[in-house]
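Input: a single structure, listed below in C-alpha cells.
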Amino acid sequence: MARIGNAKQLAEYRKQVKASKPESRKAIAVCAGTGCKAFGSFELFEAFREALARHELDRQWDLRATGCHGFCERGPLVLFFPDGMLYQRVKSSDVDEIVQTTLKQGKVVDRLLYTDPQSGDAYIKERDIPFYKHQRRLVLEQNGQIDPCSIDDYIALGGYSALAKALAMGPHRVLDEVERAHLRGRGGAGFPAGRKWKTCRGTESDKRYIICNADEGDPGAFMDRSVLEGNPHSVLEGMIIGAFAIGADEGWVYVRQEYPLAIERLELALEAARAKGLLGEDILGSGFAFDVHINRGGGAFVCGEESALIASLEGRRGVPRRRPPYPAVAGLHGKPTNINNVETWANVPLIVGKGADWFRSIGTEGSKGTKIFSLVGKVNNTGLVEVPMGMPLRQIVEDIGGGIPGGKRFKAVQTGGPSGGCLPADKLDVAVDFDSLTAEGSMMGSGGMIVMDEDTCMVDVARYFVGFLKFESCGNCTSCRDGLERMHELLTDITEGRGTDETIALLEDLAATVKATSLCALGTTAVNPVQSTLKYFRDEYEAHVRDKRCPARVCKALISYTIDNDACTGCTLCAKRCPQDAISGQKKGPHTIDQDKCIKCGICRDVCTYDAVRVE
Amino acid sequence: MERRFKINDIDVKARAGEHLLDVARRYGFEIPSLCHHEALPPIGACRICLVEVAWGGRRELCTSCNFEVIEGMQVTTDTPAVQHHRAMNLELLLARAPGSARLRELAAQYGVRRTRFGPPATSPLPNCILCELCVRACEQLGNHALTMVGRGDKKRIGLAFNSPSEQCTGCASCASVCPTECIPVKDTAAGRTIWGQTHPLVLCKVCGAPVMTERQRAKAIAKKGLPEEYYDFCESCKQSTASKRFASIVW
Chain F
4 MARIGNAKQL
14 AEYRKQVKAS
24 KPESRKAIAV
34 CAGTGCKAFG
44 SFELFEAFRE
54 ALARHELDRQ
64 WDLRATGCHG
74 FCERGPLVLF
84 FPDGMLYQRV
94 KSSDVDEIVQ
104 TTLKQGKVVD
114 RLLYTDPQSG
124 DAYIKERDIP
134 FYKHQRRLVL
144 EQNGQIDPCS
154 IDDYIALGGY
164 SALAKALAMG
174 PHRVLDEVER
184 AHLRGRGGAG
194 FPAGRKWKTC
204 RGTESDKRYI
214 ICNADEGDPG
224 AFMDRSVLEG
234 NPHSVLEGMI
244 IGAFAIGADE
254 GWVYVRQEYP
264 LAIERLELAL
274 EAARAKGLLG
284 EDILGSGFAF
294 DVHINRGGGA
304 FVCGEESALI
314 ASLEGRRGVP
324 RRRPPYPAVA
334 GLHGKPTNIN
344 NVETWANVPL
354 IVGKGADWFR
364 SIGTEGSKGT
374 KIFSLVGKVN
384 NTGLVEVPMG
394 MPLRQIVEDI
404 GGGIPGGKRF
414 KAVQTGGPSG
424 GCLPADKLDV
434 AVDFDSLTAE
444 GSMMGSGGMI
454 VMDEDTCMVD
464 VARYFVGFLK
474 FESCGNCTSC
484 RDGLERMHEL
494 LTDITEGRGT
504 DETIALLEDL
514 AATVKATSLC
524 ALGTTAVNPV
534 QSTLKYFRDE
544 YEAHVRDKRC
554 PARVCKALIS
564 YTIDNDACTG
574 CTLCAKRCPQ
584 DAISGQKKGP
594 HTIDQDKCIK
604 CGICRDVCTY
614 DAVRVE
Chain B
121 MERRFKINDI
131 DVKARAGEHL
141 LDVARRYGFE
151 IPSLCHHEAL
161 PPIGACRICL
171 VEVAWGGRRE
181 LCTSCNFEVI
191 EGMQVTTDTP
201 AVQHHRAMNL
211 ELLLARAPGS
221 ARLRELAAQY
231 GVRRTRFGPP
241 ATSPLPNCIL
251 CELCVRACEQ
261 LGNHALTMVG
271 RGDKKRIGLA
281 FNSPSEQCTG
291 CASCASVCPT
301 ECIPVKDTAA
311 GRTIWGQTHP
321 LVLCKVCGAP
331 VMTERQRAKA
341 IAKKGLPEEY
351 YDFCESCKQS
361 TASKRFASIV
371 W
C-alpha cells in the first residue's frame, strides 16, 4: 500500500478504487455486527462465499461483511446492492435458495422479506421498512455499505475527503465551522464541542491530547460499539480533524475490553490509515503529525466520566475529581485534553465535509443533527436507530419501534441509560433533544432507550437501576456510595412489602441529598430513575406500601399464584413442571398450589394452556 | 495572584489556586469536615464541608475542601440547604461509624442523634467512613502501603493483595489522621502492631521511650544519608543532650 502524499493523490486514489468497485456493481452485504454475529452471521458469510464460488458468481457479486445495520431484532440481515433489498433472519441453509432464486433468476424469496407483524405487509427494500423509513441515518449511513476492515471501501464513499478539506481550511476555520454547527457532545452532557475545542486550543501548552471516549457502559446500549465496529474510519477521521484543529499530536481511544470486535476493527483501521499516510507523520503532506493509541478499559461504568477516564488512562484508580479545571485546560498528564465520545467524533467528518449550514438544518433550535439510540426492551423492533434531534418519543417507540409486542399496553420509556428518568405515556409527545428531555426529569444521556410495558413494576425498575449504580459508583462520596446503597435498601423494603409512607418520604429526602451533594454526574443523575418514577408513577409506590400490592404483579413478596378451579381441567402439566412440587391434585380434577412451597417462579402460569393460573 | 471574594458577606483575600475551606478556616469561619487535612490533597469524600457558592449568575452547592477560589464569588457557609444536606450525609456516616465520638458529636450539632439506617453490608474495618485520609497520608509519606480496594458499596481500605505490606513502616500516621480513630495500633515490648504486622521499635538510649520503628529508621537513614546513631534518642532526650553539650561548651 502506497502512502497518499496529498489531497490530489487522495482524489486520484479514490477514482481508482471506485473504478475497481463501481457503485452499480452488485453486492451482498452480510451484517457482521455483534448482534447478527451472535445469530450466526459469520457462518452465513462463509456459506455465501462458498456458494458464490461454487456457482461461479463471485466475479459478478461483491460479498462484504459489514457493520451493524441496526435492525438487530431481525438478524442476521443481508442487504443487496444496488437496489437495496433486505432479507432478514437469514440462515446458512437459505443460501442455496437465495443463489438459485435471487442471484440467478432475479426473483425475491418472499419468506425472507420483512413482514410487518401488525399490518401483514411485506417489504422488499430496506428503506421502505417502517423501522428504517422514519430514521435519518447520517452517522450510520455507511454501516451497511462498507466493509469496516477495508479502508478502500471507506475512501470510495468519500472517506478522508473531509480531512483533506480541513487541512486546506486551516485549524481556525475548522474550529469556527464546528462551533457554528453547534455540535453538542453525544456522550451525555451535551456540551458544545466547538467551545470545548476552542478552550483546549486556547490553553497555552507544549502538548495537547485528544481522547475518544468509547467506554460505553450503559446496560443495553450499543451505539458507540456499533459505530466503532461498523465504521471505525469515520471516528478516526473525526479524531484526526479534531487533533488538527486543536493542535494535538497524540490521541487515545479508551474502549472497553468487552468490545473485542470494535478493538480489532479499530486496530485494523489505525494500521491501514498509517500505511496510507493518513495517520502518523506528515499527514497528507501537510506537515501535521498525529497518532492514536488504544487503551482497553476494565469495564468500570464510572470511567465513562471524563476525569475518571483520564485517571484510569494515567494508571490510577478510576475516580472522578472536581472540575474545574476541566480537561480542556488540564487533562491527561496535566496537559490540555479534549475528550469527546465516539458518536461526536463520527459527526465531525460530516460537518466539515458538508458544512455547518447543512448540519444546522437538521434538528431543533438547541440540538442540531441526529442522535443514535439503542432501542431495547418491550418493543417490537429492537435495534439501533438514528433520528433527527427533536423527533417525538412516540414516533421512535411506535413508528420505528413498531409498538409493544403481544398487544400489551405501553407503560414507560427510560431515556439516557441507567441514570435516565422514566417517562410515562402522556409524555410520549416530548421532543427527543437535550433540553426537552432534561426538562421532563430524564436526559439524553448517551442514547440508551428502554421501553417498558404494563407488566413492568416501576418500583422494581427503580430498584434495579439504583442497584446497578450503587455497584458502579466509585465510592468516593458519602452521598453517592452510602446514599445509593441506602436508597437500594429502602426500595427493596418497598418491593418486599416492608415499606410504609415514611419509607417513601425518606427515599425522596435521601434522593435530594444524593443529587445535590455528589461530586460527579454519576451521583447527581443516579437518582433520576427514582425521582422520575416517584413523580410519574407514585400510585405504584403507594400501592406497594399501603395495600401491600404490586400492580404490575412483579414483586414476588406481594403476589401469590392460585389456580382457578373452574378453568383448571386437571391436565397435570403445571404439577409436572413445578420445580418445588408445590402443586397437587387428581388427574382431571382441580389442582391447588401450596403457598408455603411456592417460590412464585411463574412456570405454572406460563405452561397452563387453559389460563387457569391467577396472580394476585 | 490574589483573589478577593466574600464569605458570609465578609471580604476575604486568598491566593489563586487555594481551596475555599483552607481560606475560610484561616479567617475563622467554622465549616465542619471529616476528610480534610491541610497537609494532604483534598478529595471531597465526606461531603460535610458543603457551602453555597454564587458567581457569574451561577449558584452551586459544593464541597469547600476541593473548591478553588474564584474572584468575586459570594460564599454562604450555613444556608438551610447546606444544613439539611450536611445532616443527611452525617446520618449516612453515622450508620458507618456509630462508635466515633467525634462523629456523634458533630451529627448531634445538626440534630442527628440516631440514624435511620442499619450498619452497612460490608465493612471489614468497623467505624471506617472511607475518607481516605489514611491512604493519602501513606501516599504523601512515600510509603504507598495502604490503598482503596473495590468500588461503590464494596469499597474498603486495604493492603495490596490483602497481605502484610513490606512498604508499611509502622509509622502509624494513618491512625493519627483517622477522624474516627478506627485503625487499631498497639505498642508493646515486642513492638508496634498495626495492619497485621508487629514492627520492632527503636528505644531511646537514655529514657527507653519508643523513638520510631526500626523500619522507619532504616528508611529515613537510607533516604537522608544520616549516621546510624542519629535516631538513638527520643526527641526530648535529644534536646536535653544537646542543651547539656551546648552548656558544656559555653561555660
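Keeping their order, the protein sequence lines are chains F and B. So for the first sequence, our numbering puts the first residue at 4; every next one is plus one. So for the second sequence, our numbering puts the first residue at 121; every next one is plus one. Glycine included, each C-beta is placed from N, C-alpha and C at the ideal position. The structure presented is a predicted model; accordingly, all values stated were derived computationally and were not measured.
As assigned by DSSP and simplified to three states, the class of residue i
i                : result
Arg306 (chain B) : It is Lys, not Arg, that sits at residue 306 (chain B) in the sequence shown. Lys306 (chain B): strand per DSSP, three-state reduction.
Met452 (chain F) : strand
Trp315 (chain B) : coil
Thr565 (chain F) : strand
Gln417 (chain F) : strand
Asn186 (chain B) : coil
Val112 (chain F) : coil
Pro391 (chain F) : strand
Cys425 (chain F) : strand
His264 (chain B) : coil
Lys126 (chain B) : strand
Glu219 (chain F) : coil
Ser364 (chain F) : coil
Which listed residue (the options) has its alpha carbon closest to that of residue i
i                : options                                : result
Ala311 (chain F) : F:Ala50, F:Tyr135, F:Ser476, F:Ser122  : F:Ser476
Leu387 (chain F) : F:Leu82, F:Ser377, F:Leu143            : F:Ser377
Gly663 (chain F) : F:Val390, F:Thr595, F:Met461           : The structure shown does not extend to residue 663 (chain F), since chain F is modelled only from 4 to 619, so the question has no answer here.
Ala442 (chain F) : F:Ile453, F:Gly245, F:Cys425           : F:Cys425
Ala349 (chain F) : F:Ala5, F:Asp584, F:Leu513, F:Gly162   : F:Gly162
Phe474 (chain F) : B:Cys291, B:Cys357, B:Leu210, B:Lys274 : B:Lys274
Glu458 (chain F) : F:Val618, F:Leu509, F:Arg324           : Glu is not the amino acid found at residue 458 (chain F); the sequence shown has Asp there. The shortest C-alpha separation from Asp458 (chain F) is found at F:Val618.
Phe437 (chain F) : F:Ala428, F:Met455, F:Thr418, F:Lys21  : F:Thr418
Met447 (chain F) : F:Arg268, F:Leu170, F:Gly38, F:Ala224  : F:Ala224
Ser370 (chain F) : F:Asn216, F:Asp599, F:Met88, F:Phe194  : F:Phe194
Ile149 (chain F) : F:Ala32, F:Gly380, F:Lys107            : F:Ala32
Phe45 (chain F)  : F:His175, F:Gln12, F:Val93, F:Lys29    : F:Val93
Leu170 (chain B) : B:Ile151, B:Glu158, B:Glu188, B:Pro162 : B:Ile151
Gly278 (chain B) : B:Ala159, B:Cys258, B:Arg216           : B:Cys258
Ser563 (chain F) : F:Tyr262, F:Ile602, F:Lys24            : F:Ile602
Arg179 (chain B) : B:Phe366, B:Ile303, B:Ala221, B:Ala201 : B:Ala201
Arg183 (chain F) : F:Glu368, F:Pro330, F:Val464, F:Gly288 : F:Glu368
Leu80 (chain F)  : F:Glu308, F:Gly147, F:Glu401, F:Ala54  : F:Gly147
Leu396 (chain F) : F:Pro222, F:Val435, F:Lys338, F:Ser95  : F:Val435
Outcome for residue i when other beta-carbon atoms lying within 10 angstroms are tallied against a minimum of 16
i                : result
Pro327 (chain F) : exposed
Glu240 (chain F) : buried
Thr183 (chain B) : buried
Arg211 (chain F) : buried
Thr333 (chain B) : buried
Gln229 (chain B) : exposed
Ala246 (chain F) : buried
Tyr350 (chain B) : exposed
Met490 (chain F) : buried
C-alpha distance - residue i paired with residue j, whole-angstrom precision
i                : j                : result
Val331 (chain B) : Ser296 (chain B) : 16 Å
Leu271 (chain F) : Cys152 (chain F) : 6 Å
Cys166 (chain B) : Cys155 (chain B) : 6 Å
Gly583 (chain F) : Arg276 (chain B) : Note on residue identity: the sequence assigns Gln, not Gly, to residue 583 (chain F). In a straight line, the C-alpha of Gln583 (chain F) is about 39 Å away from that of Arg276 (chain B).
Trp361 (chain F) : Ile354 (chain F) : 8 Å
Lys306 (chain B) : Leu266 (chain B) : 18 Å
Ser445 (chain F) : Gly123 (chain F) : 35 Å
Ile369 (chain B) : Gln260 (chain B) : 40 Å
Glu211 (chain B) : Gly73 (chain F)  : 48 Å
Gly393 (chain F) : Thr373 (chain F) : 9 Å
Pro21 (chain F)  : Asn384 (chain F) : A small fix is needed here, since residue 21 (chain F) is Lys in this sequence, not Pro. Approximately 35 Å between the Cα atoms of the pair.
Ser76 (chain B)  : Ala362 (chain B) : As shown, chain B starts at 121 and ends at 371. That puts residue 76 (chain B) outside it, with no answer to give.
Leu231 (chain F) : Ile342 (chain F) : 16 Å
Taking only runs of the alpha helix (DSSP H) that begin and end inside the segment 336-371 of chain B, which ones reach a length of at least 4 residues, in chain order?
355-370
Which runs of the alpha helix (DSSP H) fall wholly inside the segment 306-334 of chain F and span at least 4 residues, in chain order?
309-316
What are the complete alpha helix (DSSP H) segments, minimum 4 residues, inside the segment 19-68 of chain F?
37-41, 44-57
Give me the subset of the segment 356-376 of chain F whose CB atoms are less than 9 Å from a CB atom of chain C, sorted by chain position.
Although the question refers to chain C, the structure presented lacks it and instead comprises the protein chains F and B.
Curious, which full-length beta strand (DSSP E) runs of at least 3 residues does the segment 558-616 of chain F contain?
564-566
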